[in-house]
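So the structure is just underneath, and the comments pick up after that.
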Amino acid sequence: VRESSGINAEYGFTAKLLAGAMTAQLLRNCKAVLDSANLIHIPVPWGYVRGLQVGPRDGKPVVMIHGWLDNCYSFVPLLSSLPPTRRYIALDLPGHGHSSHKPKSANAHVIDLITDIEHCRRALGLQRFDLIGHSLGGMLSGIYCATYPEYIRKFVAIDGLLPFHSPTDKIISNLRRASDMIVNEPIPHKVYPDLDELSRKIADTMFYRGIDPELVKFMVDRSIHLTPSGYQFTYDVRLRYPALIRMTRDVLFPLIQSWTTPILYLVASHGFKEFHHPSYEEGMTFLEEFGKNVKQLELPGPHHLHMTNTEDVSAAISEYLDLTDQQDPTPKDFFKGL
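Structure follows, in structure tokens:
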């Protein structure tokens with residue numbers, strides 16, 4: 099695993115965005131996190147998984163997995179509020195942020211990312227750690243906890259825990275649709291002449307409602323590049339494709355029952371629960387009856403509440419993960435980085 103420092107020097111967009119219209123306090127906090135963080139480059143068979151490390155090197159590790167089409171910057175506002183006692187490792191999932199894309203011959207749907215998390219665990223040498231996942235990252239982390247329970251001490255899911263599942267009578271039609279999309283030539287990303295327009299469009303979508311466009315702009319900075327025609331996303335377009343085979347309830351529900359890891363599920367008051375997806379609602383009903391190791395806590399905020407309601411989310415996570423069980427270093431020690 100290779101580490102380096104100087105994030106703002108390497109990625110010029112961020113320094114400019116931080117000088118924008120975000121609140122003065124959030125600006126200071128996010129900049130302090132980025133200044134203190136080290137870049138990490140984890141070798142994997144197809145390239146690198148990249149991300150950020152923040153906190154004392156000998157701190158107990160906390161791995162953070164972001165949501166669909168997000169990147170590790172989505173955790174920066176939360177990192178500015180969490181106690182500086184732990185070694186926080188926020189990853190860019192493959193095909194997201196600055197991590198390598200999978201080869202064209204490989205699939206890039208959700209279930210494959212479980213092995214990617216395990217690649218990273220082994221490269222980082224982690225034997226026991228806490229896990230935080232948002233949205234898709236929460237779903238992936240839940241499957242990981244069922245698959246590799248011996249490595250996880252506690253797990254916090256932020257508005258996303260149960261993978262969406264399909265009725266068995268939809269398996270073949272879903273398979274055909276996904277197969278056609280994979281075989282067809284990918285549609286390139288749209289180019290946006292104006293970064294503000296791009297941020298506003300994202301902020302108006304279902305999953306990003308409730309986030310200030312300037313905060314959206316801060317996060318997507320890690321997922322775009324500037325072309326001669328304007329700004330364009332860099333995430334792997336295959337991430338938008340449906341899975342070839344989606345979980346059915348016969349797979350998902352035994353997975354829930356198999357959990358032995360203590361789990362805190364933070365439910366956003368204006369997140370998934372308001373989307374009224376039949377798969378989500380059926381899964382939540384089963385979870386309430388059979389998820390014996392899962393504690394649910396509803397907090398105010400949108401789907402990305404860890405970016406907008408950082409104090410509430412930080413307090414809940416800190417209490418559940420016992421983040422203050424080590425002596426706090428001075429702020430100087432924290433912002434020094436690794």
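Going by the numbering used here, 384 is the number at position 286 of the sequence shown; the sequence numbering is gapless.
Built from N, CA and C at the ideal position, the CB exists for glycine as well.
- The bridge partners DSSP lists for Val392 are Ile361.
- In the DSSP annotation of this structure, the continuous segment of the alpha helix (DSSP H) that includes Gln355 starts and ends at 347-356.
- Checking the DSSP bridge columns, you'll see Phe331 partnered with Ile322.
- Here Asp190 is buried, its C-beta having at least 16 other C-beta atoms within 10 Å.
- Taking a cut-off of 8 Å on C-beta distances, the region 131-149 touches the region 209-223, as three or more cross pairs fall below it.
- Contact annotation, Asp214 with Pro182: C-beta distance approximately 28 Å; criterion of less than 8 Å not satisfied.
- At the C-beta level, Arg251 and Pro400 stay beyond 7 Å of one another.
- In the three-state scheme derived from DSSP, where H, G and I count as helix and E and B as strand, Val411 is classed as helix.
- Here the alpha carbons of Arg155 and Tyr339 stand approximately 38 Å from one another.
- Nearest Cα to Val174 within the set Gly149, Glu372, Trp166: Gly149.
- Taking a contact to require three or more Cβ pairs closer than 8 Å, the region 332-348 and the region 269-279 qualify as touching.
- Between the C-alpha atoms of Glu295 and Leu211 there is a straight-line separation of about 31 Å.
- Ranking Asp410, Pro284, Asp420, Tyr418 by CA distance to the CA of Ser179 puts Asp410 first.
- In the three-state reduction of the DSSP assignment, His232 falls in the strand class, which pools E and B.
- When secondary structure is reduced to three states using DSSP, Arg220 falls in the helix class.
- Nearest C-alpha to Arg320 among Glu396, His164, Phe262: His164.
- The count of Cβ pairs closer than 8 Å, one atom from the region 359-367 and one from the region 325-337, stays below three, leaving the stretches out of contact.
- The region 253-264 and the region 370-381 touch, with no fewer than 3 CB-CB distances between them shorter than 8 Å.
- Distance from the Cα of Val161 is smallest, within the candidate group Cys243, Tyr146, Asp133, for Cys243.
- Cβ contact annotation for Ser277 (same chain, cutoff 7 Å, sequence separation greater than five): Leu342, in chain order.
- Annotation for Tyr246: Glu216 place their beta carbon closer than 7 Å to its own, counting only its chain and skipping 5 residues before and after.
- Boundaries of the beta strand (DSSP E) harbouring Asn136: 136-142, taken from the DSSP string.
- Contact check for Gly231 and Ile209: beta-carbon distance about 15 Å, past the 8 Å limit, so the pair fails to qualify.
- Taking C-beta separations shorter than 7 Å and ignoring five residues to either side along the sequence, the partners of His287 in its chain run Gln330, Phe331, Val335, following chain order.
- Boundaries of the alpha helix (DSSP H) around Leu177: 174-177.
- Looking at the DSSP output, Ile309 shares a beta bridge with no other residue.
- Shortest Cα-Cα distance from Gln394 to any of Gly258, Ile138, Met279 involves Gly258.
- The distance from the Cβ of Leu177 to that of Val147 is about 18 Å, inconsistent with a contact at the 8 Å cut-off.
- For Leu224 against Pro291, the beta-carbon gap comes to about 43 Å, at or over 8 Å, which does not count as contact.
- Beta-carbon to beta-carbon, Met317 and Tyr171 are separated by about 5 Å, close enough to satisfy the 8 Å threshold.
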